[in-house]
Structures are given as structure tokens and as C-alpha cells.
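Before any comments, here is the structure.
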Amino acid sequence: MLKRSILAFVLCVFSLPPSSQGQESEKLVLNLRHCEELALQNNLDIEEARLGLEFSEARRVQAAHANILPKLEFKQVLGTSTRARGVFNDFGVLSSPDSSFKFSNIRYYVAGELNLIQPIYTFGKLSNLERAAKYGVQADQANIEKTRAEVLLKVRELYWTLLLGKELLTVVKNAKSEVAKAERTIDEKLDEGSEEVSQTDLFKLQIFRYEVNKRHREALDRIEIAKSELRMALGLEDGLDFDLESEYLDAITTRFESIPAYLETALQARPEVAQIRSGLRARRALVNLHKSDFYPQLFFGGQVRYNYAKDRFDTRNPYDYNPYNFFRPGFVIGLNMNLNFLQTRDKVRVAQAEYSQLAQKEGLLLSGIRLEVQKTYLDAVRAETNMRESRRALRASENWLRSASMTFDMGIGEIKELLEAFQANSKMKTEHLQNIFEFNTGVAKLSRAIGRDLYEE
Numbered sequence: 541m542l543k544r545s546i547l548a549f550v551l552c553v554f555s556l557p558p559s560s561q562g563q564e565s566e567k568l569v570l571n572l573r574h575c576e577e578l579a580l581q582n583n584l585d586i587e588e589a590r591l592g593l594e595f596s597e598a599r600r601v602q603a604a605h606a607n608i609l610p611k612l613e614f615k616q617v618l619g620t621s622t623r624a625r626g627v628f629n630d631f632g633v634l635s636s637p638d639s640s641f642k643f644s645n646i647r648y649y650v651a652g653e654l655n656l657i658q659p660i661y662t663f664g665k666l667s668n669l670e671r672a673a674k675y676g677v678q679a680d681q682a683n684i685e686k687t688r689a690e691v692l693l694k695v696r697e698l699y700w701t702l703l704l705g706k707e708l709l710t711v712v713k714n715a716k717s718e719v720a721k722a723e724r725t726i727d728e729k730l731d732e733g734s735e736e737v738s739q740t741d742l743f744k745l746q747i748f749r750y751e752v753n754k755r756h757r758e759a760l761d762r763i764e765i766a767k768s769e770l771r772m773a774l775g776l777e778d779g780l781d782f783d784l785e786s787e788y789l790d791a792i793t794t795r796f797e798s799i800p801a802y803l804e805t806a807l808q809a810r811p812e813v814a815q816i817r818s819g820l821r822a823r824r825a826l827v828n829l830h831k832s833d834f835y836p837q838l839f840f841g842g843q844v845r846y847n848y849a850k851d852r853f854d855t856r857n858p859y860d861y862n863p864y865n866f867f868r869p870g871f872v873i874g875l876n877m878n879l880n881f882l883q884t885r886d887k888v889r890v891a892q893a894e895y896s897q898l899a900q901k902e903g904l905l906l907s908g909i910r911l912e913v914q915k916t917y918l919d920a921v922r923a924e925t926n927m928r929e930s931r932r933a934l935r936a937s938e939n940w941l942r943s944a945s946m947t948f949d950m951g952i953g954e955i956k957e958l959l960e961a962f963q964a965n966s967k968m969k970t971e972h973l974q975n976i977f978e979f980n981t982g983v984a985k986l987s988r989a990i991g992r993d994l995y996e997e
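Under our numbering, think of the first position of the sequence shown as 541, with each following residue one higher.
See below:
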């Protein structure tokens with residue numbers, strides 16, 4: 541949509557921006573850096589990427605803690621039991637006076653159980669889980685940088701679009717002023733009965749004035765649209781008015797290096813490269829994680845159980861089963877192994893296929909980056925050349941307009957030549973401003989393509 545808007549600017553023989561004069565005090569006045577800072581602070585796409593990083597960081601912490609007592613459970617219950625007192629007679633025989641159920645014999649009991657498992661050696665299962673989570677965090681960090689770069693490019697394009705519009709609107713206003721001046725001159729000469737001009741000349745000028753007024757209305761509308769798009773990109777409230785600090789569209793200063801130098805920079809600095817390579821490392825760790833299921837998992841386990849029942853006799857005999865009064869600790873070292881090797885093999889194959897698929901995407905990404913760097917570099921250099929040449933052509937059109945105006949004022953020039961000079965000058969002003977715009981945005985696109993900001997140089 542942005543490209544269509546920009547094209548519309550060019551198609552208008554003259555179009556766009558404003559004057560910051562008479563700016564009201566409540567307006568927010570922004571330069572390019574202010575716009576970038578606001579966008580990086582308020583943009584919803586960046587916020588979404590940050591939330592993704594928080595999620596990945598939480599998973600990394602979870603994976604890091606997976607090898608620290610992954611099972612540690614404690615359970616305690618409180619219940620009722622009947623009184624069962626024990627009495628030894630003179631012959632050493634144990635009996636109880638509580639042989640029948642009575643509500644008055646109801647007592648309480650407390651039971652507890654503690655279970656724990658601590659992995660000792662897992663053949664890389666837990667270490668690869670932690671490694672995959674760590675690389676997932678790195679991938680999401682790179683995703684934030686990628687999103688920031690995309691937002692900066694969009695804001696810069698919108699900023700230059702709005703500034704281009706304001707400059708081109710000035711072109712239209714100047715054209716309106718010159719047309720009004722020429723129309724007054726023709727009216728005066730017609731009133732004087734001069735034969736230097738005719739009613740036809742006035743008609744031609746009025747038709748030209750219609751075209752200028754039409755472009756003026758279109759320019760105002762396009763400025764409002766560009767301003768609304770920029771407001772949305774900056775995350776500003778609808779009721780908050782703002783204007784640009786600069787009144788003029790000036791070419792930024794930068795020096796171009798060679799394509800090979802930019803290609804080397806891009807392959808090192810582009811966040812997409814870091815993102816996909818972190819993803820590949822994570823996929824490789826997941827492959828190794830599934831391979832660990834072919835091997836046993838060595839663990840240390842423990843269990844502590846106890847029970848206490850009030851008014852129930854405890855024989856304290858280890859050979860006598862007593863479900864109420866006891867304390868039983870126990871610890872073991874064991875092996876846990878998944879013998880379903882067929883499913884394990886399938887999981888490994890799926891993980892390897894996902895790794896290979898991502899590796900293929902890395903190759904496509906690197907090829908795409910090389911092509912993007914070459915294209916944006918050539919576009920930026922061509923825009924710089926066009927800008928230099930249009931500056932010379934603009935000076936020529938100004939000389940032509942000056943000459944045509946002088947001859948017309950002296951009564952020896954024709955209205956046709958004056959109108960042609962007007963149109964040529966307005967067109968060259970538009971062309972030159974458009975070339976500056978394309979150069980500035982071309983540098984922004986090249987900065988995005990190589991992963992290094994050329995605006996700061």
C-alpha cells in the first residue's frame with residue numbers, strides 16, 4: 541500500500557507537504573529519531589516479539605530445572621481409626637479389651653508419604669533439553685531484532701513520505717501563486733486593449749489553474765493519509781496532533797561501500813541469519829534428545845512413609861504388619877528404559893526431517909539475502925545518480941521559467957511557452973524531490989538488507 545501511495549505522489553505532476561509555520565503549542569513536534577524511538581517503544585509487533593521471548597525464557601528456566609528433583613511429592617492425610625489397645629497377659633499373650641465397635645472408641649490417625657526421584661545420568665536427555673531451550677531463547681532474541689529492523693524501515697518510509705508530501709505541497713502552492721500572477725497580468729492587458737494577449741490565452745491559463753487546484757486538493761488528502769499511517773506506526777493516540785520538525789526534504793549523508801563488503805556484513809549482522817542458525821542448533825539438540833531414549837535413564841529414588849494412630853497398640857515387631865503406626869524410609873538406585881524402540885526411531889526420524897527442512901530454509905534465506913543486498917544497493921546508487929542529475933535539470937527548468945516569465949511580462953512571449961515552462965519547472969521540482977525521497981528510503985532499505993544502520997554514518 542505504501543508503494544501505491546508513493547506512486548500516486550509521482551503521478552501527480554506536483555503534489556504534497558506542509559508548512560510548520562503557525563504550529564500550535566499543543567502539537568507534538570517530531571524529528572526522525574523521535575519517530576523511531578516512539579515506534580520502538582509502542583509498536584505492537586515488537587511487543588508481541590518481546591512476549592515470545594519471555595515465553596522462551598520461561599521454557600529455558602523450566603528445562604534447566606528439569607534435572608533437579610523432577611519428582612518431589614509429599615502427601616499427608618488425616619483420618620479416623622478405632623481404638624485398639626494391646627495388653628499382654630501373664631502368659632505373654634497379646635489381646636485387646638477393645639474387641640467391639642463403639643463410637644466412643646473412634647480416634648484419629650495421621651499418614652504421610654514423601655517420594656522423590658533424582659536423575660543421575662540420562663545419556664544427554666536433560667542436557668539436550670536445556671540446550672534446545674537455550675537456543676530457542678536466542679532465536680526469539682534475534683526475532684526481536686528482526687522485528688525492530690522492520691518497524692524502523694516502515695517508520696522511515698512513512699516519515700520521508702510525509703515530508704515529501706509537505707515539500708510537494710509547497711510546489712503546488714508556488715505554482716498557484718505564479719498562475720494567479722500571470723492571470724492578473726493577462727486581465728490587465730486585456731483591460732488595456734493590448735494585442736499582446738487574447739481571450740484564448742486567458743482560457744488556457746484558467747484550464748491550467750484547474751489542474752493546479754486539483755493537485756492541491758489531492759496533495760492535502762494524501763498528507764492526511766500519510767500522517768494517519770505514521771501516527772498508527774508510532775502508536776500515538778488519535779486525538780494527539782503532531783507535526784514534523786523539519787520543513788525540508790534533504791538527502792541524508794552516507795558513503796556506499798562495495799557489494800561484497802555489504803554481503804559479508806549482511807551474513808554476519810542480519811538477525812534472520814542468527815535466528816535460523818539458533819533454530820538449527822535447537823533442532824539438532826532435539827534430535828539428540830530423542831536419541832537418548834534408546835538408552836536407559838539412571839536415577840536415584842527415595843520414599844519415606846509414616847503413620848501414627850492414637851490409642852492403637854504398636855507391637856514394634858518388624859514381622860508383624862501394622863498399617864497404622866510405622867515409619868518406613870527407603871532409597872534406591874535404578875534404571876528406567878523405554879523398550880518401544882520402534883516409536884523412538886520414528887521420533888528421531890521426525891526430528892531429523894524437521895532439522896533438514898530448516899537447514900534447507902537456511903540456504904534459501906542466504907540466497908535471498910544476497911539478492912536483496914544486491915538489489916537494494918543498486919537501487920540506492922541509482923537513486924543517488926538520479927538525484928544529482930535531477931538537481932542539474934531543476935536548475936535548467938528554473939532558468940527556462942525565468943526567461944519565459946521575463947519575455948511574457950515584456951509582451952514578446954506567448955502564454956503557451958510560459959505554461960510549458962511552468963509545467964516543466966513543476967515537474968522537475970517534483971522529480972527532484974521524488975529522487976531525494978527514493979535515495980533516503982533506498983539507504984533505509986539497504987540498511988535493513990545488510991543489518992547495519994547506514995543512517996548513523
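Backbone N, C-alpha and C fix where the C-beta goes; we use that ideal spot for every residue, glycine too. Values in this document were obtained by computation on a predicted structure and should not be read as measured data.
Selection from R821, N828 and V921 that minimises the alpha carbon distance to A899: Stepping through the sequence shown from its first residue, residue 899 is reached at position 359. Considering only R821, N828 and V921, the residue with the shortest C-alpha distance to A899 is R821.
Mind checking which residues open and close the alpha helix (DSSP H) that includes E594? Reading the sequence shown from its first residue, position 54 is the one you call residue 594. Per DSSP, E594 belongs to the alpha helix (DSSP H) from L584 to A604.
Can you tell me whether K665 is helix, strand or coil according to DSSP? Translated into positions along the sequence shown, residue 665 becomes position 125. Judged by DSSP in its simplified three-state form, K665 adopts helix.
Assuming the contact rule is C-beta atoms closer than 8 Å, V719 and L745 should be a hit. Round their C-beta distance to whole Å, please. To locate residue 719, count along the sequence shown from 1; it is residue 179. To locate residue 745, count along the sequence shown from 1; it is residue 205. Distance from V719 to L745 at the Cβ level is roughly 7 Å; contact confirmed, criterion being Cβ atoms closer than 8 Å.
Is G982 buried or exposed, if buried means 16 or more other CB atoms sit within 10 Å of its CB? For the purposes of this step, residue 982 is taken as the residue at position 442 of the sequence shown. Sixteen is the threshold: when 16 or more other Cβ atoms of the shown chains lie within 10 Å of the Cβ of G982, as they do, the residue is buried.
At what residues does the alpha helix (DSSP H) containing P858 begin and finish? As a working note, residue 858 is residue 318 in the sequence shown. Per DSSP, P858 belongs to no alpha helix (DSSP H) and is neither H nor E.
Decide if the stretch 602–614 is in contact with the stretch 654–672; the criterion is three or more beta carbon pairs, one per stretch, under 8 Å apart. Three or more pairs of CB atoms, one per stretch, sit closer than 8 Å, so the stretch 602–614 contacts the stretch 654–672.
First and last residue of the uninterrupted beta strand (DSSP E) at F867: Residue numbering aside, residue 867 sits at position 327 when the sequence shown is read from its first letter. For F867, the enclosing beta strand (DSSP E) begins and ends at F866 to N876.
Restricting to runs no shorter than 4 residues, where is the alpha helix (DSSP H) found entirely within the stretch 955–990? Runs of the alpha helix (DSSP H) inside the stretch 955–990: 955–990.
Assess, as a yes-or-no matter, whether the stretch 816–832 is touched by the stretch 925–938 under the definition of 3 or more beta carbon pairs within less than 8 Å. Contact check between the stretch 925–938 and the stretch 816–832: fewer than three CB pairs, one atom from each, fall below 8 Å, which does not count as touching.
Using only alpha-carbon positions, find the residue among A961, I952 and Q914 that is nearest to W940. Here residue 940 is taken as the residue at index 400 of the sequence shown, counted from 1. Taking each of A961, I952 and Q914 in turn and checking the Cα distance to W940, the smallest one comes out for A961.
Quick check: the stretch 837–845 against the stretch 677–687, are at least 3 beta-carbon pairs closer than 8 Å? Judged by Cβ distances under 8 Å, the stretch 677–687 makes no contact with the stretch 837–845, as fewer than three pairs qualify.
Are there 16 or more other CB atoms within 10 angstroms of the CB of R671, so buried, or fewer, so exposed? Residue numbering aside, residue 671 sits at position 131 when the sequence shown is read from its first letter. When all chains shown are included, R671 counts as buried.
Using a 10 Å radius around the Cβ and a threshold of 16 neighbouring Cβ atoms, would you call K916 buried or exposed? On the sequence shown, residue 916 is found 376 positions in, with the first residue counted as 1. Reading off the sequence, residue 916 comes out as Thr, not Lys. Buried: at least 16 other Cβ atoms inside 10 Å.
Inter-residue spacing [alpha-carbon to alpha-carbon] between A801 and Q914: As a first step, residue 801 must be located in the sequence shown, where it is residue number 261. As a first step, residue 914 must be located in the sequence shown, where it is residue number 374. Their Cα atoms are separated by approximately 11 Å.
Distance between G705 and A759 (C-alpha atoms, nearest Å): Numbered from 1 along the sequence shown, position 219 holds the residue referred to as residue 759. Numbered from 1 along the sequence shown, position 165 holds the residue referred to as residue 705. Looking at the two C-alpha atoms, the distance is approximately 7 Å.
Take F839 as the anchor and find which of A849, F871 and I586 has the nearest alpha-carbon. Locating residue 839 in the sequence shown gives position 299, counting from the first residue. F839 has its Cα closest to that of F871, out of A849, F871 and I586.
Using CA coordinates, which residue listed in R795, R922, E954 and N965 is at the minimum distance from L975? Numbered from 1 along the sequence shown, position 435 holds the residue referred to as residue 975. According to the sequence shown, residue 975 is Asn rather than Leu. When only C-alpha atoms are compared, the closest one is R922.
Are D783 and L570 close, meaning C-beta to C-beta below 9 Å? Locating residue 783 in the sequence shown gives position 243, where the first residue counts as 1. Locating residue 570 in the sequence shown gives position 30, where the first residue counts as 1. Contact: yes.
For G733, count neighbouring C-beta atoms within 10 Å of its own C-beta (all shown protein chains included) and say buried if the count is 16 or more, exposed if not. Your numbering for residue 733 matches position 193 in the sequence shown. It counts as exposed.
Enclosing beta strand (DSSP E) for F614 [first to last residue]: By 1-based counting over the sequence shown, the position of residue 614 is 74. Start and end: K611 to T622.
In chain order, what residues of the same chain have a beta carbon less than 7 Å from the beta carbon of G874, not counting five sequence neighbours either side? As a working note, residue 874 is residue 334 in the sequence shown. Same-chain partners within the cutoff: F839 and G841.
What is the DSSP secondary structure of P811, reduced to helix, strand or coil? Counted from its first residue, the sequence shown places residue 811 at position 271. Looking at P811 - three-state DSSP - the assignment turns out to be helix.
Rounded separation between N655 and V813 - CA only: As a working note, residue 655 is residue 115 in the sequence shown. As a working note, residue 813 is residue 273 in the sequence shown. A direct Cα-to-Cα measurement between N655 and V813 gives close to 46 Å.
Nearest to A920 by alpha carbon, out of I792, V890 and Q581? Residue numbering aside, residue 920 sits at position 380 when the sequence shown is read from its first letter. Nearest neighbour of A920 by Cα position, chosen from I792, V890 and Q581, turns out to be I792.
Own chain, CB closer than 6 Å to A984, minus 5 neighbours either side, in chain order: Working through the sequence shown from its first residue, we reach residue 984 at position 444. Result list for A984: L693 and R696, in chain order.
Indicate, with yes or no, if the ligand FMN has a heavy atom lying under 8 Å from the CB of E912. Looking for the ligand FMN in the displayed structure turns up nothing, as the structure carries no ligands at all.
Is P800 helix, strand or coil by DSSP? As a position in the sequence shown, residue 800 is number 260, starting the count at 1. If DSSP states are grouped into helix, strand and coil, P800 belongs with the helices.
Terminal residues of the continuous beta strand (DSSP E) containing L789? Here residue 789 refers to the residue found at position 249 of the sequence shown. Run containing L789: none; DSSP gives neither H nor E here.
If contacts are defined as beta-carbon pairs under 8 Å, then S636 and F853 qualify, I think. What distance do you get, rounded to the angstrom? Here residue 636 is taken as the residue at index 96 of the sequence shown, counted from 1. Here residue 853 is taken as the residue at index 313 of the sequence shown, counted from 1. Indeed, because the Cβ distance is near 7 Å, the residues count as touching under 8 Å.
In three-state DSSP terms, what is R852? By 1-based counting over the sequence shown, the position of residue 852 is 312. Shown here, R852 sits in a strand according to DSSP, grouped into three states.
Give me the DSSP bridge partner(s) of G652. Taking the sequence shown and counting its residues from 1, the one referred to as residue 652 is at position 112. Paired residue(s): Q616 and Y846.
Could you pull the DSSP bridge partners for Q837 from this structure? Sequence index remark: in the sequence shown, residue 837 carries index 297 (1-based). Paired residues: N876.
Write down every uninterrupted run of the beta strand (DSSP E) in the stretch 672–708 whose length is 3 residues or greater and which is fully enclosed by it, in chain order. You should have found no qualifying run.
From which residue to which residue does the beta strand (DSSP E) around L780 run? Start at 1 with the first residue of the sequence shown, and residue 780 comes out as number 240. That residue, L780, is in no beta strand (DSSP E); it is neither H nor E in DSSP.
Could you check whether V752 and A715 sit closer than 9 Å to each other, using their CB atoms as the reference points? Stepping through the sequence shown from its first residue, residue 715 is reached at position 175. Stepping through the sequence shown from its first residue, residue 752 is reached at position 212. Going by C-beta atoms, A715 is nearer than 9 Å to V752.
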